[in-house]
Amino acid sequence: MKTNYLHQGDCLPFLEGLPDSAIDALITDPPYASGGLHIGARQQSPTIKYTSSGRNQLHSDFTGDHRDQRSHLRWMLLWLSECFRALKPGAPICLFTDWRQLPTTTDALQAAGFTWRGIAVWDKTEGVRPQMGRFRAQCEYVVWGSKGDMPIKRDVGVLPGAIRQVIKQTDKHHITGKPTEVMRHFNRICKPGGIILDPFAGSGSTLVAAQMDGYEWIGCELSDHYHEIAQARLNGL
Ligand SMILES: C[S@@+](CC[C@H](N)C(=O)[O-])C[C@H]1O[C@@H](n2cnc3c(N)ncnc32)[C@H](O)[C@@H]1O
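According to our numbering, the sequence shown is numbered sequentially starting from 67.
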């Protein structure tokens with residue numbers, strides 16, 4: 067298996083091509099298919115759903131974020147089941163999600179065979195859009211677990227369950243891009259030097275963070291545009 071390699075294409079055939087029990091951690095930020103309570107709202111573009119102005123001159127849209135709830139769960143099961151096969155026994159898995167898709171994400175993780183172990187938090191701080199008279203939706207969540215038993219002695223220290231990290235425009239390369247420091251934090255669940263898989267690489271934040279911290283990595287991204295951005299970031303390290 068080629069590592070430190072970013073594939074361009076649909077992750078399903080890519081994942082099917084991975085060998086059994088070869089990967090040390092799955093850390094990924096898949097399309098959430100979120101942004102509304104009814105199908106019409108969900109089928110709008112990510113720019114309209116996930117940016118405060120509904121307009122975004124800086125980052126391109128992406129596909130795969132349009133499914134209704136039933137289809138989204140079924141699709142998650144398809145790719146998560148392939149990840150389950152490709153991960154080593156005991157390997158950790160971290161899935162980003164938002165508040166709307168939290169229950170679906172914990173269902174999908176378990177239905178694919180993983181053991182659900184908790185929810186960690188990325189607090190985006192007060193920089194996110196305010197809502198008058200309501201709680202600010204300033205957090206995203208990382209549903210995490212493992213492929214079966216997870217040995218305590220894995221050469222990984224105590225990891226905080228929450229990270230508070232503002233989004234800096236200079237470190238945002240995707241419409242839903244994650245800060246490098248956030249990805250460095252979550253990658254630490256992988257054993258040192260292990261192979262981290264991200265089938266939804268986007269602008270490559272997981273992989274850039276992995277490379278910075280001496281992990282091996284393997285990724286996939288459907289969009290030509292974001293594949294190019296991620297590859298350029300990785301080449302620049
Ligand atoms: C939420 S974004 C990931 C953003 C990334 N974490 C970052 O910081 O840049 C999800 C990505 O999955 C990609 N995607 C959607 N469907 C896909 C598929 N079937 N296979 C591979 N990538 C896909 C989208 O193009 C999008 O870039």
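Every residue gets a Cβ at the ideal spot worked out from N, C-alpha and C, and that includes glycine.
Source: prediction; values computed, not measured.
- The Cβ-Cβ distance between F150 and K213 falls below 9 Å.
- Only residues of its own chain outside the window of five on either side were considered, and among them I185, Y207, V209 have a CB closer than 8 Å to the CB of L168, listed in chain order.
- A177 places its beta carbon 9 Å or farther from that of L263.
- Counting the other CB atoms within 10 Å of its CB gives S87 a total below 16, which places it among the exposed residues.
- F80 counts as buried, since no fewer than 16 other beta carbons sit within 10 angstroms of its beta carbon.
- Short of 7 Å from the beta carbon of D215, and not among the five residues preceding or following it, lie these beta carbons of its own chain, in chain order: G156.
- The Cβ neighbour count for E287, taken over all protein chains shown within 10 Å, is at least 16; the residue is labelled buried.
- Contact between G260 and A91 is confirmed by a C-beta separation of about 6 Å, below the 8 Å threshold.
- For I229, the uninterrupted beta strand (DSSP E) segment begins and ends at 228-230.
- Set against 8 Å, the gap from the CB of T129 to the closest heavy atom of ligand 1 is smaller.
- Proximity of the beta carbon of S100 to ligand 1 is not indicated: no heavy atom of the ligand is located closer than 8 Å.
- The continuous beta strand (DSSP E) containing P158 extends over residues 158-163.
- Residue side-chain check: Y292 places its Cβ nearer than 8 Å to a non-hydrogen atom of ligand 1.
- Classified as exposed, A298 has fewer than 16 neighbouring CB atoms from the shown chains inside 10 Å of its CB.
- Proximity to H293 across A267, G280, A275, I284 peaks at A267, based on C-alpha coordinates.
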